[in-house]
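Chemist: Start counting the sequence shown at 1379; every next residue gets the next number (the working numbering).
Heads up, the beta-carbon is just placed ideally off N, CA and C, and yes, glycines get one too.
For reference, the structure I am asking about is given below.
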Amino acid sequence: MRLTSTLRALAAEQDCYLCGCASTQSICVECVTVFPASPPNACTHCALPVPQAGMCGRCLADPPHFDATVAAFAYGDPLDQALQAFKYRHALGLARFLSAHLDQALDAARHAPLQGGSASPEMAAPVGGTASLGVDLIVPMPLAAPRLAERGFNQALELARPIAQSRRIALDAHSLRRIRDTPPQARLPWKERARNIQGVFACGEGAGSVNPRPLAGLRIAVVDDVMTTGATLNELARVLKAAGAVHVTNWVVARTLPHEFTQTAAPTSA
């Protein structure tokens, strides 16, 4: 019995992707502890830091099309190394690890009080499945066909699958398409990113989908790896709302923060 337990323990060990030490997960606990944390108070819409819980002045003055954002971490070192390896170097073994931490952030956000002590509206009582977080459908950020062919996989879909499975929420990777390829957002000045992304998404029959899913009346969660300016996620939310969605939440692994909070360069992201 002791030999069996020892063999199982050895089989469960692997090398941490970041530091190389023995670990029972893709990235060891020691490395995770130095991942940049999300701000203690963040805007409920865009997830940028605010003095106290609630919406930031920018979202109050010019509300985005999406209704909320949940981010597991702030973007920065060494998390950026893991995300870039996952996205560009086919380190697909990191997908379930990153997805699990996003899943934990969703639970934390569900119970986090807003100003006045009420729960976040997008984290209302479960709908359509156990611990569904009031979401009817999960949609991964789509890739343009040339980018998908080049990369070989959609990182957002790989992140979304475990969450959809564990929470028993429907996952739709087909009704929404990116119909036009554009220059990567990271190569453009921040002010040009919103213009670059206009008109690149389509829903339903306009996306060329076979038997597209009706989106009218649904509360949708969009999964992506990183949110930088939010321009891509905002355009996607606009298209989803035009197709009838009543609520759109962003679920992202990392949120890029202003330079006064971190000095890490902005990544390729939404």
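Near C1399, what residues of its chain come up, given a Cβ to Cβ distance below 6 Å and the 5 sequence neighbours on each side ignored?
Modeler: The answer, listed in chain order, is C1406.
Chemist: Can you name the start and end residues of the alpha helix (DSSP H) that P1524 belongs to?
Modeler: Start and end: A1523 to R1529.
Chemist: Would I1547 and V1601 be called neighbours here (beta carbons separated by less than 8 Å)?
Modeler: Result no, Cβ atoms of I1547 and V1601 do not sit closer than 8 Å.
Chemist: On the CB-based measure, 16 or more other CB atoms within 10 Å of its CB, does Q1533 come out buried or exposed?
Modeler: That one is buried.
Chemist: Note down the Cα distance separating L1470 from L1635, rounded to an integer number of angstroms.
Modeler: Rounded to whole angstroms, L1470 to L1635 spans 26 Å at the Cα level.
Chemist: Output the distance between the C-alpha atoms of L1526 and T1447, rounded to the nearest integer angstrom.
Modeler: Between L1526 and T1447, the C-alpha separation is close to 25 Å.
Chemist: Around the Cβ of V1412, are there at least 16 other Cβ atoms within 10 angstroms (buried) or fewer (exposed)?
Modeler: With fewer than 16 Cβ atoms within 10 Å of its Cβ, V1412 is classed as exposed.
Chemist: At the level of alpha carbons, what is the spacing between P1429 and G1435?
Modeler: Spanning the two alpha carbons is a distance of roughly 11 Å.
Chemist: Using DSSP with H/G/I as helix, E/B as strand and the rest coil, what is I1516?
Modeler: Note: I1516 maps to strand in three-state DSSP.
Chemist: What's the gap between the Cα of E1408 and the Cα of S1401?
Modeler: Cα-Cα distance, rounded: 10 Å.
Chemist: Determine the burial state of H1423: buried for a count of at least 16 other Cβ atoms within 10 Å of its Cβ, exposed for fewer.
Modeler: H1423 comes out buried.
Chemist: DSSP on Q1403, reduced to helix/strand/coil?
Modeler: Of the three classes helix, strand and coil, the one that applies to Q1403 here is coil, per DSSP.
Chemist: Going by beta carbon distance, what residues of the same chain come within less than 6 Å of D1550, once the five residues before and after it are set aside?
Modeler: These residues qualify, in order along the chain: L1515, V1517 and R1591.
Chemist: State the DSSP-derived secondary structure class of N1628, mapped to helix, strand or coil.
Modeler: Note: N1628 maps to strand in three-state DSSP.
Chemist: Could you give the DSSP three-state label for F1579: helix, strand or coil?
Modeler: It is a strand residue.
Chemist: Nearest to G1577 by alpha carbon, out of C1437, A1538, A1615 and M1433?
Modeler: Per the Cα distances, A1615.
Chemist: Go to R1695, then tell me how far its beta strand (DSSP E) extends in each direction, as first and last residue.
Modeler: The first residue shown for the chain is 1379 and the last is 1648, placing residue 1695 beyond what the model contains.
Chemist: Tell me whether A1439 is buried or exposed, calling it buried when 16 or more other Cβ atoms sit within 10 Å of its Cβ.
Modeler: A1439 is exposed by the Cβ-count criterion.
Chemist: So, C1437 versus C1421, is the Cβ gap smaller than 8 Å?
Modeler: In contact: C1437 and C1421 (Cβ atoms closer than 8 Å).
Chemist: Taking the alpha carbon of D1485 as the point to measure from, which residue in L1476, L1461, A1632 and A1450 has its own alpha carbon closest?
Modeler: Among L1476, L1461, A1632 and A1450, the Cα nearest to that of D1485 belongs to A1450.
Chemist: Who does D1602 pair with in a DSSP beta bridge?
Modeler: DSSP output for D1602 lists V1630 as bridge partner(s).
Chemist: At what residues does the beta strand (DSSP E) containing F1451 begin and finish?
Modeler: Counting along the chain, the beta strand (DSSP E) containing F1451 begins and ends at A1446 to A1452.
Chemist: What three-state label does DSSP hand A1420 in the structure shown?
Modeler: Of the three classes helix, strand and coil, the one that applies to A1420 here is strand, per DSSP.
Chemist: For the alpha helix (DSSP H) containing I1541, name the first residue and the last one.
Modeler: Segment Q1533 to R1545, the alpha helix (DSSP H) holding I1541.
Chemist: Give me, in chain order, the residues of the same chain whose beta-carbon lies closer than 7 Å to that of Q1403; leave out the 5 immediate sequence neighbours on both sides.
Modeler: Taken in chain order, the residues that qualify are F1475.
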